[in-house]
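Numbering (this note's numbering), first residue to last: 49 to 170. Structure, as structure tokens:
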């Protein structure tokens, strides 16, 4: 939703904006909407650095907005596809923060390496 339709005047598209354009999208003949990450994120890489997979970033709306989008889209024969990125998380994600403890069961969710001390390309 980030670049599509802004309903709050912030300059960022949001879920309510997508809802407001469903009739237009249906007239175009689309049958699916692909939503890029709209989860809570520090936005280091356009939301792909997810900090919480179960919460919607307030800049995009609420869980109720999402539920309404899905219901309204389905009423028009439009499917919703979510871009879910599970192969990495933000350093602000609870799993990563827990994984910093070497005894944490979340530690195995990440690959740990010692950093380079010599930054040459040799």
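Heads up, the beta-carbon is just placed ideally off N, CA and C, and yes, glycines get one too.
query	result
Which two residues bound the contiguous beta strand (DSSP E) that contains residue 100?	100-104
Which residue's Cα is closest to the Cα of residue 136: 57, 97 and 66?	97
Classify residue 117 as buried or exposed, calling it buried when 16 or more other Cβ atoms lie within 10 Å of its own Cβ.	buried
When the Cα atoms are used, what is the spatial distance from residue 123 to residue 156?	42 Å
Please confirm whether any heavy atom of the ligand ADP lies closer than 6 Å to the CB of residue 113.	As for the ligand ADP, it is missing from this structure, which has no ligand bound.
By Cβ distance below 8 Å, which residues in the same chain neighbour residue 52 in space, the five residues on each side in sequence not counted?	61, 65, 66 and 69
Rounded to whole angstroms, what is the Cα-Cα separation between residue 93 and residue 87?	12 Å
Taking the beta strand (DSSP E) that residue 81 falls in, what are its first and last residues?	80-83
Pick out whichever of 159, 129 and 162 has its Cα sitting closest to the Cα of residue 79.	129
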